[in-house]
Structure formats: C-alpha cells, structure tokens
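Going by our numbering, the sequence shown opens with residue 328, and the numbers climb by one from there.
We put the CB at the ideal spot given by N, CA and C, even for glycine.
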Amino acid sequence: GSPHIIDGRLSPMDTLVTLNAHILHHILTGRIGIKQFADLALAYSRYMPEIDRNELAGLLERLSLTRWTALLHSVLVRLTGISPELLPIAPQAPQRHTDRLFDMIMRDGSFGNGKRLRLAGIPSRILLLVRYCPRECAARYLYLATGMIKKLSNSNK
328 GSPHIIDGRL SPMDTLVTLN AHILHHILTG RIGIKQFADL ALAYSRYMPE IDRNELAGLL
388 ERLSLTRWTA LLHSVLVRLT GISPELLPIA PQAPQRHTDR LFDMIMRDGS FGNGKRLRLA
448 GIPSRILLLV RYCPRECAAR YLYLATGMIK KLSNSNK
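Structure below.
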C-alpha cells in the first residue's frame with residue numbers, strides 16, 4: 328500500500344499538509360471560517376507526537392509553503408492558543424502581517440457568509456499573501472481575472 332494512505336485514510340503528515348493547503352485555498356478565495364483553524368489545531372495536537380517534525384517541515388519547504396505556514400501558524404496560535412512547540416514551523420510572521428490576516432479572517436466570517444470575495448478586498452489580500460505564497464496567489468488571481476474577462480466579453484455580445 329501507499330505510505331500516504333493508511334487504512335483508507337490519508338497519513339497523519341498528508342492530513343496536516345492537506346489542512347494547511349485547504350486553509351490557504353479558503354484564504355485566497357475569501358471564504359474562511361474559524362472552524363478550519365480549530366480543525367488544524369486539533370490535527371496538530373493529535374498527530375505531531377507521531378510525526379518527524381523535520382520531515383514535515385522539509386515537505387512544506389519542498390511545496391514552497393514554508394513562509395505561508397509561518398504566517399498561518401502565527402494566526403493559529405492567536406486564534407486557538409495552540410502551543411508553538413506542537414508546530415513544525417515556528418509562528419514567526421511579523422505582527423502586522425499576523426494582524427492583517429487575522430482581520431481578513433474575522434471580516435470573512437463564517438466561510439464568507441455566502442458572499443463572493445469583493446473586488447475591493449482583492450488588492451489588500453494580494454499585497455499580504457503574495458509575500459507568503461506568490462505562486463498560489465498568481466494562479467488564483469489569474470483564474471479570477473480570466474473568469475471576469477470571459478464574463479465581460481460574453482456580456483458585450
């Protein structure tokens with residue numbers, strides 16, 4: 328069997344990476360909820376005793392998620408009170424960046440409250456997140472821009 332699937336489930340390490348990436352996806356789209364952070368904190372509490380911290384940090388580095396994860400962990404500690412010792416990457420983002428991401432999460436509320444990410448909110452989101460996950464930001468916002476261009480061109484027909 329695959330080392331990534333154990334008894335029909337993702338391995339603990341893959342579960343943590345998936346939760347991390349899933350939160351990033353929701354941050355980029357403006358649809359995030361506090362529950363996702365609680366889920367990640369619980370998963371770290373449950374799985375970190377069984378995982379090689381350096382191996383997980385190395386995997387996050389290979390995925391180019393180290394900087395993002397440092398910011399994520401800074402907010403995770405603030406939101407949940409999880410001990411930084413349980414985290415594979417130190418929560419060391421500058422306080423102003425932690426505060427900005429925290430504010431975005433609070434503003435987005437419960438998965439965006441059914442609202443789409445407002446165009447007005449995109450620039451501040453990009454300015455913060457492009458520092459931490461530039462490839463993911465570029466891909467996400469290129470996808471959004473392409474959709475807007477298609478919509479505009481279809482409305483002009």
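Straight-line gap, residue i to residue j (C-alpha atoms, nearest Å)
i	j	result
P461	G408	28 Å
S329	R394	Low confidence applies here, because S329 scores a pLDDT of 47, under 50, leaving its location unreliable; read the following figure in that light. Distance between the alpha carbons of S329 and R394: 29 Å.
L469	S391	19 Å
L343	L383	9 Å
T473	E463	15 Å
I350	K478	27 Å
V457	A465	8 Å
L387	L369	19 Å
S482	G385	47 Å
Extent of the continuous alpha helix (DSSP H) run through residue i
i	result
M340	339 to 356
E388	380 to 389
A365	361 to 374
L398	393 to 407
I432	422 to 435
Residue i (DSSP reduced to helix, strand or coil)
i	result
R462	helix
Cβ-based neighbour list, residue i, same chain, cut-off 8 Å, excluding 5 preceding and 5 following
i	result
F429	V402, R405, L406
7 Å Cβ shell around residue i - same chain, five flanking residues per side excluded
i	result
A397	I416, A417, P418, Q419, A420
L455	H424, R427, L428
Same chain only: Cβ atoms within 6 Å of residue i, ignoring 5 sequence neighbours per side
i	result
M375	L413
N381	none
I359	H353, I432, D435
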